[in-house]
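Scroll down for the structure; my scribbles are underneath it.
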């Protein structure tokens, strides 16, 4: 079984959408990535940091999904990273209400000895210096390194982001971020430019409009499943990344053909994530639901024009 | 060979995009629909109206594509419908600079005797009363009636639009129009509501984000081909409609499976239309190019997850 090393936040979120609002609930990129990847046959571990205020039950949830948490540091007397946000009516944009870095401010990731040879490394959205630090600790070159990032780091830590980008195989960003990073409006041109910055594979997430993966002249598209209601988009991108990296780790196949399946799996899992607040839907999801909806993805996209 | 009756404008356009601007060039919904449908094996005819200022060469172009133009009325001393618009930098929005209805203001469509039994009727974007008038003239119930419309008629002629909608099988509108018409933000809910207004098939065009077709609980998605550059979006929606209706007429198959292929063909042809100003690319397109790009649509969307 392949090892999947996941680096990212484990956090508290408070979310407001047109459908309601939550108190402080479980959140964080690594949480969503881990829950999503747990639908695949992989040996995964999270590297992160939380405060002493972080409930044991949340850690137990991760453990119950066979996620190794030796790399989650618990800072005595520290407070867990907290993010609060409010989505607009169209669910495509949001305002950040509160960001309390807390223990994340001094996060110094330590990769557990047993995962320094992980075949797949999923670098969740974090400061690029933290992402680089994880790669520095790997004793065996991973078969695949996937990097997620966001516009915040393009604004505040571009040189460090460009450094870590040189060391990764796949980058996942949204369409606006791809445009910002490349200076190109056309996503085809943007992907070509981002290729030259390091990643051989460029995944562009378009939210309700699906996701594209570019590799040299090849391109593949995974639609988002048309849903009656998007309840809470929080974690959808991370769930997508967890499905992507989890599938690649399970398949032990890093070909472009395999990555096509990986972004379909990622889109499929993300379509569940948005159906409830926070991690609720991912916690209660079973493999039968996942496979039934994959069939919907097939019906949604497969056609039979004879050529 | 099936007959395809096309109703819509034949017009002059003057277009400005970030890539340049044109003088008065050939335009109009029926023009784009007809050129697009001419890539299929169908007997098509256009019902429209132009002024005496309309050049014979434009009519000859349509005739050279085996499009019957007996139904294009030439109004003596009249001036042809003229539209001028300017696209914004993102190419997704535009300002209308000039709309001169001219002969269109008194357009009274007359369906040629020989096409009153057309198997497929494609009602291009026009006043819904004009669209209804064409249906009234059909002596044999068509196998499929496709209606294209826009927000302008929702604002100014909603009762008449709702009337004609009851008489059509397929409606094609964009995402914002689907939301306006239904009062639902979710496109799944919007399509369900529009079903109840008449059309059994609801096609929602999302421009660079592709197109969806809904039929009861079934849904199929055709992506837009990711392009390096969109040069001029004018006519893309009509070209899509022409590919859709042309394919259905050729296949003589109005099943949902056939409509899946139809929206792929429509998306494929539209992807060419936007590569040059106005009708230029459609005029110079050959079937080899069309088939080569269909292969790209397959590569873009077909995956192989075993279920």
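Protein chains in written order, with full-length UniProt numbering: chain A, 1 to 307; chain B, 1 to 307.
Where a beta carbon is used, it is the ideal one built from N, C-alpha and C, also for glycine.
Predicted, not measured: the structure shown is a model, and the values here were computed from it.
- The beta carbon of residue 131 of chain B lies closer than 6 angstroms to those of 123, 164 in the same chain, with the five residues before and after it left out.
- In the three-state reduction of the DSSP assignment, residue 242 of chain A falls in the helix class, which pools H, G and I.
- Rounded to the nearest whole angstrom, the CA to CA distance from residue 141 of chain A to residue 6 of chain A is 15 angstroms.
- For residue 186 of chain A, the residues of chain B that pass the 9 angstroms Cβ criterion are 226, 227, 228, 229, 230, in the order they occur in the chain.
- For residue 139 of chain A, the nearest beta carbon of chain B is not closer than 9 angstroms to its own beta carbon.
- Under the three-pair Cβ rule at 8 angstroms, the segment 47–55 of chain A counts as touching the segment 5–25 of chain A.
- Contacts with chain A (Cβ-Cβ distance below 8 angstroms) from the segment 149–183 of chain B involve no residue at all.
- Pairing residue 34 of chain B with residue 12 of chain B gives a Cβ-Cβ distance that is not under 9 angstroms.
- DSSP places residue 220 of chain A within a strand segment (E or B) once states are collapsed to three.
- Contact annotation: in the segment 263–284 of chain A, residues whose CB is within less than 7 angstroms of a CB in chain B are 264.
- Bounds of the beta strand (DSSP E) holding residue 46 of chain B are 43–51.
- When secondary structure is reduced to three states using DSSP, residue 87 of chain A falls in the strand class.
- Per DSSP, residue 59 of chain A is one residue of the alpha helix (DSSP H) stretching across 56–64.
- Residues of chain B with a Cβ closer than 7 angstroms to the Cβ of residue 302 of chain A are, in chain order, 302.
- Nearest CB-CB separation between residue 291 of chain A and chain B: below the 9 angstroms threshold.
- Within the DSSP secondary-structure output, residue 94 of chain B pairs in a beta bridge with B/87.
- The secondary-structure analysis by DSSP pairs residue 201 of chain B across a beta bridge with B/170.
- Taking the Cβ atoms as the reference, residue 77 of chain B lies roughly 19 angstroms from residue 110 of chain B, outside the contact range of under 8 angstroms.
- Between the alpha carbons of residue 179 of chain B and residue 25 of chain B lies a distance of about 32 angstroms.
- At least 9 angstroms separates the CB of residue 287 of chain B from every CB of chain A.
- In this structure, the alpha-carbon of residue 203 of chain A lies about 6 angstroms from that of residue 212 of chain A.
- In the DSSP assignment, residue 122 of chain B forms a beta bridge with B/6, B/146.
- Within chain B, 223, 300, 301 have C-beta atoms less than 7 angstroms from the C-beta of residue 221 of chain A, given in sequence order.
- Closest in alpha carbon position to residue 31 of chain B, among B/307, B/294, B/301, B/243, is B/243.
- Distance from the CA of residue 63 of chain A to the CA of residue 41 of chain A, rounded to the nearest whole angstrom, comes to 15 angstroms.
- Between residue 261 of chain A and chain B, the shortest Cβ-Cβ separation is below 9 angstroms.
- Taking a 10 Å sphere around the C-beta of residue 98 of chain B, we find fewer than 16 other C-beta atoms and assign the residue as exposed.
- For residue 267 of chain B and residue 22 of chain A, the gap between their C-alpha atoms comes out near 42 angstroms.
- Counting the other Cβ atoms within 10 Å of the Cβ of residue 259 of chain A gives 16 or more, which makes it buried.
- 9 angstroms or more divides the Cβ of residue 201 of chain A from the Cβ of residue 175 of chain A.
- For residue 209 of chain A, a Cβ of chain B is located within less than 9 angstroms of the residue's own Cβ.
- Contact with chain B is found for residue 218 of chain A, since one of that chain's Cβ atoms lies less than 9 angstroms from the residue's Cβ.
- In this structure, the beta-carbon distance from residue 222 of chain A to residue 297 of chain A falls below 9 angstroms.
- Pairing residue 144 of chain B with residue 254 of chain B gives a Cβ-Cβ distance under 9 angstroms.
- Within the same chain, 243, 247 come within 6 angstroms of residue 265 of chain A by CB-CB distance, once the 5 residues on both sides are set aside.
- Along the segment 186–203 of chain A, the positions whose C-beta sits under 8 angstroms from a C-beta of chain B are 186, 187, 188, 189, read in chain order.
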